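Undergrad: Here's a structure for you.
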Amino acid sequence: MNVIFAVVTGILFGLGVFQLLRRDLIKVAMGFYILFTAINLLFLAVGAYNGETAAYVTPDKVTTLAEAVPQGVPSDPLVQALLLTAIVISFGSYALLLGMLNVVAQRSKSLNTDRMNNLVK
C-alpha cells in the first residue's frame, strides 16, 4: 500500500509541475490544484493509520460491553488535523488564484502568457 501511495504521489507531483510550466494560465491553475492534491495525499501517506484503535475513541468513554473498544495503541490524530487544515488552505489559495486569473484575463483579454501585455495600469 505504501508503494502505491508513493507512486501516485510522485505521478501527481510530476503532472502538477508539468502543468505549471505551460503557457495557458488555466492549465497553470490546474497544475496548482494537482499539486495541492499531491501534498494532501503525501500527508495521508506519511501519517497513515498505524495504531490499533481509532484516534478519537478513548477507552474511558465506554459505558456498556457492546461499546467495548479493543485496547491498544491509538492512532495519531495530528495527521487528521493537518490534512483538514491543508485542504482548507489549498481551497483558499486556489480561490485566490482563480480570482487573480480573472483580473488578469479582464485586463489583458487573454490567458496566454505569450500574448499578455499592459498588465499594470
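Just so you know, we're using the numbering used here here: the sequence shown kicks off at 4 and counts up by one.
We treat Cβ as the ideally placed atom computed from N, Cα and C, and that holds for glycine.
If you're wondering where the values come from, they're calculated on a predicted model, not measured in any experiment.
#1: Kindly indicate the opening and closing residues of the alpha helix (DSSP H) around Thr40.
#2: Would you report the Cα separation of Ser113 and Gly50, rounded to the nearest angstrom?
#3: Within the continuous alpha helix (DSSP H) that includes Ser113, where are the two ends?
#4: To which residues of the same chain is Met103 closer than 8 Å at the C-beta, ignoring the five residues directly before and after it?
#5: Since I believe Leu23 is in contact with Val31 (beta carbons under 8 Å), could you give me their beta-carbon distance rounded to a whole number of angstroms?
#6: Helix, strand or coil: how does DSSP classify Leu100 here?
#7: Quick one: what does DSSP say Ser93 is sitting in, helix, strand or coil?
#8: How big is the Cα-Cα spacing for Phe21 and Ala89?
TA: Let me lay it out:
#1: For Thr40, the uninterrupted alpha helix (DSSP H) run begins and ends at Leu28 to Val49, by DSSP.
#2: Going from the Cα of Ser113 to the Cα of Gly50 covers about 42 Å.
#3: If you look at Ser113, you'll find it isn't in any alpha helix (DSSP H); DSSP assigns it neither H nor E.
#4: Cβ within range, chain order: n/a, list empty.
#5: Going by Cβ atoms, the distance from Val31 to Leu23 rounds to 6 Å, so yes, they are a contact pair.
#6: The three-state secondary structure of Leu100, taken from DSSP, is helix.
#7: Ser93 falls in the helix class under three-state DSSP.
#8: Computed Cα separation, rounded: 22 Å.
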